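Below you'll find the structure, written out as structure tokens, and then a few comments.
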Amino acid sequence: MPPPPTPFHLLRAHHSPLSALHFNPSNTLLYSGDQDGYISILDLRVRRVVAYWQAHEGGVLGLEEWEGGLISHGRDNLIHFYQPLKRPYVSFGLSTNAKSSKPGLELKRSLPTNALNFCRFSITAIPSNVADGEKGKGKEKEAIMAVPSLTDSELIDIYHIPSLRRIHASVNLTPKTQEQIAASSSDPTRSGLVMSLHIVYLPDSSRLALAAGYEDGRVELFAAPLSATSTNWDARMSSGPKVWERLWVEKGHNEAVMGMAVDKGMKWGWSVSADHRLVRYDFGKVLDAGTGLGNDDVMRAHSTKQIGNSSIAVAPDGRVVAVGGWDGKIRLFSAATTKPLGTLSTHRDTVHVVTFANSRPAPVLSIEGEGKDDDEISKEIASTLEIGDGDDTINSDEEEEDEEMDGVPPKERWFASGGKDTKVALWGLMEFAAGSASG
1 MPPPPTPFHL LRAHHSPLSA LHFNPSNTLL YSGDQDGYIS ILDLRVRRVV AYWQAHEGGV
61 LGLEEWEGGL ISHGRDNLIH FYQPLKRPYV SFGLSTNAKS SKPGLELKRS LPTNALNFCR
121 FSITAIPSNV ADGEKGKGKE KEAIMAVPSL TDSELIDIYH IPSLRRIHAS VNLTPKTQEQ
181 IAASSSDPTR SGLVMSLHIV YLPDSSRLAL AAGYEDGRVE LFAAPLSATS TNWDARMSSG
241 PKVWERLWVE KGHNEAVMGM AVDKGMKWGW SVSADHRLVR YDFGKVLDAG TGLGNDDVMR
301 AHSTKQIGNS SIAVAPDGRV VAVGGWDGKI RLFSAATTKP LGTLSTHRDT VHVVTFANSR
361 PAPVLSIEGE GKDDDEISKE IASTLEIGDG DDTINSDEEE EDEEMDGVPP KERWFASGGK
421 DTKVALWGLM EFAAGSASG
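Under UniProt numbering, residues 1 to 439 are what the sequence shown spells out, in order.
Listed below in structure tokens is the structure:
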């Protein structure tokens, strides 16, 4: 039996549990945030911290890079938009005994939001001049952001970026019938706090797809035409047709949805909870068929054989799903079959966040495995989960090339995890190649 895999680098910049991780698009920077509101930026070419500061008064919920600048979402009910990190990057040492802030990013703008429910924002790029009614304002790129509603933590609002205008409010509101109003205090239209959001632009159909996970274990899927982003709409006040159509809803967990992940095209989704289930959703089938599909057509639950799962991520190529557990272990599953592929272990306590590095553009395999049986798919993917060991230093004057350096796979095959133990672990996964599996 081969020895258990180990991370090739451990980041110990933080002094409280990790809560957010994000690779920038070129995989040259790793952003990490913790439950005390501190953010660090790790230059992955030299594996040295180049910025570390307290960005929020509460914990960091989410981090993402947009147009070269960082977006951070905090428990202090604010989403910050920063100027891009300026070169040259200057690395520095961090004290292991104090939360000493080092130079941070220049704050550009902030957006008030609701962080009661620990749900981070979700953002997707859209074609320019679609949602912004003012034409000819330059070539600034645009995006749509989904966040929990300012007024009700069970509802969802939609904002336009970069204008920060709220264009749609309470998009998941379900009007009550007179019978429901007259019924008991138990309201079937309420699903509890929004726990997870994913919004994706679908260029083939010129639609926006929105997946939401809730406190009661439900997952919902909505869709809206992209053209609807050019007008303001509030579900609480509008008596006309709904802009956002609820296509599907079902409860896959008995506890709150602790983590949800979707692939790039919103074809598939996965969720985990405090229970032992890894639930897979065929969102692509729903988006193609619209309403009317049965639950067995869309949702399948699989046992992870581990109670207590706190985080989840799917690889950019859609082949592997990683699940972080309360026991400090990261379990890897085939996205096509949900069969176990292996376990990564370095954290001493709960793994709060996991994320994959970005891959270079390449055709995405069908999740059905293109005709291969379940065992063949699982064996092929499992053979890629070898980890390389490496130094903590790379010449800062040299850009990393595609070939492996110091025994570590190229950066597009990297994976990061952050835990309650305050550590960030960097792992390297070997490249998947059809037919490369060994028996």
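Backbone N, C-alpha and C fix where the C-beta goes; we use that ideal spot for every residue, glycine too. From a predicted model like this one, the values you see are computed outputs, not experimental measurements.
So, at 6 Å on beta carbons, what are the nonlocal neighbours of T291 in its own chain, with the 5 sequence-adjacent residues on each side left out? What you label residue 291 is simply residue 291 of the sequence shown in a count that begins at 1. Cβ-Cβ distances below 6 Å link T291 to L247 in the same chain, with the five nearest sequence neighbours on each side left out; the list follows chain order.
Candidates N254, K264, A212 and V171: which alpha carbon is nearest A224's? In the sequence shown, residue 224 corresponds to position 224, counting from 1. Proximity to A224 across N254, K264, A212 and V171 peaks at V171, based on C-alpha coordinates.
State the CB to CB distance for the pair A146 and S122, rounded to an integer number of angstroms; the pair is presumed to be in contact (CB under 8 Å). To locate residue 146, count along the sequence shown from 1; it is residue 146. To locate residue 122, count along the sequence shown from 1; it is residue 122. At roughly 5 Å, the Cβ-Cβ gap stays under 8 Å, so A146 and S122 are in contact.
G252 - DSSP class collapsed to helix/strand/coil: On the sequence shown, residue 252 is found 252 positions in, with the first residue counted as 1. In the structure shown, G252 sits in coil (DSSP, three-state: anything other than H, G, I, E or B).
CB-CB under 8 Å to residue 441, same chain, minus the five flanking residues each way: which ones, in chain order? It is not possible to answer for residue 441, since the shown part of the chain is limited to 1 through 439.
Report the CB separation of V314 from A336 in whole angstroms; it is logged as a contact under 8 Å. For this step, residue 314 is matched to residue 314 along the sequence shown. For this step, residue 336 is matched to residue 336 along the sequence shown. The pair is not a contact, with the Cβ atoms about 12 Å apart (cut-off 8 Å).
Does the separation of the CB atoms of A20 and V243 fall below 9 Å? Mapped onto the sequence shown, residue 20 falls at position 20. Mapped onto the sequence shown, residue 243 falls at position 243. Contact check for A20 against V243 fails: the beta carbons are separated by 9 Å or more.
Looking at the unbroken alpha helix (DSSP H) that takes in L287, where does it start and where does it end? Taking the first residue of the sequence shown as 1, we reach residue 287 at position 287. Residues F283 to A289.
Using the DSSP secondary-structure output, state which residues sit across from A145 in a beta bridge. Position 145 of the sequence shown, counted from the first residue, corresponds to residue 145. Checking the sequence shown, residue 145 turns out to be Met, not Ala. Beta-bridge partners assigned by DSSP to M145: I123 and Y159.
Between the beta-carbon of residue 513 and the beta-carbon of P84, is there less than 9 Å? Here the chain has residues from 1 to 439 only, and residue 513 is not among them.
8 Å CB neighbourhood of W66 in its chain, flanking five on each side removed: On the sequence shown, position 66 is the one that residue 66 refers to. So the list reads F81, I123, A143 and I161, once near-sequence residues are dropped.
Which value, in whole angstroms, describes the spacing of the CA atoms of K329 and H15? Counted from its first residue, the sequence shown places residue 329 at position 329. Counted from its first residue, the sequence shown places residue 15 at position 15. A straight line joining the alpha-carbon of K329 with that of H15 spans about 20 Å.
Of the choices S271, I312, W427 and W268, whose alpha-carbon is the least far from that of V351? In the sequence shown, residue 351 corresponds to position 351, counting from 1. The alpha carbon of V351 has as its nearest neighbour, out of S271, I312, W427 and W268, the alpha carbon of I312.
Bridge partners of Q54, per DSSP? For the purposes of this step, residue 54 is taken as residue 54 along the sequence shown, with counting starting at 1. Y38, per the DSSP bridge assignment.
State whether the region 219-233 contacts the region 266-284, with contact taken as three or more CB pairs (one from each stretch) at a distance under 8 Å. With the rule of 3 Cβ pairs closer than 8 Å, the region 219-233 counts as touching the region 266-284.
Mind checking whether K423 and T346 have CB atoms under 9 Å apart? Indexing the sequence shown from 1 puts residue 423 at position 423. Indexing the sequence shown from 1 puts residue 346 at position 346. Against a cut-off of 9 Å, the Cβ pair of T346 and K423 comes out as a contact.
Would DSSP call N114 helix, strand or coil? The residue you call residue 114 lines up with position 114 of the sequence shown. Assignment of N114 by DSSP, reduced to helix, strand and coil, places it in the coil class.
Thinking just about the alpha-carbon of each residue, which of E154, I39, E140 and L107 is nearest to the one in F118? Walking along the sequence shown from the start, residue 118 turns up at place 118. For F118, the closest of E154, I39, E140 and L107 by C-alpha to C-alpha distance is E154.
Thinking C-beta only, is K251 closer than 9 Å to G318? What you label residue 318 is simply residue 318 of the sequence shown in a count that begins at 1. What you label residue 251 is simply residue 251 of the sequence shown in a count that begins at 1. It is not a contact, given that the beta carbons lie outside the stated cut-off.
Just mark W270 as buried or exposed, buried being the case when its beta carbon has 16 or more other beta carbons within 10 Å. Translated into the one-based positions of the sequence shown, residue 270 becomes position 270. Counting C-beta atoms within 10 angstroms of its own C-beta, W270 has 16 or more neighbours from the protein chains shown and is therefore classed as buried.
Residue nearest to Y214 in terms of C-alpha spacing, selected from I199, T231, S273 and Y201: For the purposes of this step, residue 214 is identified with residue 214 of the sequence shown, where counting begins at 1. Of all alpha-carbon atoms in I199, T231, S273 and Y201, the one lying nearest the alpha-carbon of Y214 is that of S273.
Those runs of the beta strand (DSSP E) which lie wholly inside the region 295-368 and span at least 3 residues: Whole beta strand (DSSP E) segments, 3+ residues: 299-303, 309-314, 320-325, 329-334, 340-345 and 351-356.
Looking at the secondary structure, which residues open and close the beta strand (DSSP E) in which H22 lies? Here residue 22 is taken as the residue at index 22 of the sequence shown, counted from 1. Per DSSP, the unbroken beta strand (DSSP E) holding H22 starts and ends at L18 to F23.
Of the listed residues P241, R236, G418 and G33, nearest to G324 (C-alpha basis): Translated into positions along the sequence shown, residue 324 becomes position 324. Between G324 and the set P241, R236, G418 and G33, the nearest pair of CA atoms involves G418.
Limits of the beta strand (DSSP E) - the one that H73 falls within: Residue numbering aside, residue 73 sits at position 73 when the sequence shown is read from its first letter. For H73, the enclosing beta strand (DSSP E) has its first and last residue at G69 to G74.
Cα-Cα separation between I377 and K141, rounded to whole angstroms: Position 377 of the sequence shown, counted from the first residue, corresponds to residue 377. Position 141 of the sequence shown, counted from the first residue, corresponds to residue 141. Legend: pLDDT at I377 = 43, less than 50; position of this residue unreliable, no value from coordinates given.
Kindly indicate which residue of L173, D204, H253 and S191 has the alpha-carbon position closest to the one of R236. Residue 236 sits at position 236 when you count from the first residue of the sequence shown. Of L173, D204, H253 and S191, the residue nearest in Cα terms is L173.
My guess is that V200 and A209 are in contact by the Cβ rule of under 8 Å, so how many angstroms apart are they, rounded? Working through the sequence shown from its first residue, we reach residue 200 at position 200. Working through the sequence shown from its first residue, we reach residue 209 at position 209. Right, the Cβ-Cβ distance comes to about 5 Å (below 8 Å), so this counts as a contact.
Residues bridged to residue 440 (per DSSP): Residue 440 is absent from the structure shown; the chain starts at 1 and stops at 439.
Reduced DSSP category for R413 - H, G, I as helix; E, B as strand; rest coil: One-based indexing of the sequence shown puts residue 413 at position 413. Helix at R413.
From the DSSP output, read off the bridge partner residues of W427. Indexing the sequence shown from 1 puts residue 427 at position 427. Looking at the DSSP assignment, W427 forms a beta bridge with F415.
Rounded separation between T355 and R12 - CA only: Indexing the sequence shown from 1 puts residue 355 at position 355. Indexing the sequence shown from 1 puts residue 12 at position 12. Approximately 17 Å, taken between the alpha carbons.
Coarse secondary structure for L226, derived from DSSP in three states: Residue 226 sits at position 226 when you count from the first residue of the sequence shown. Looking at L226 - three-state DSSP - the assignment turns out to be helix.
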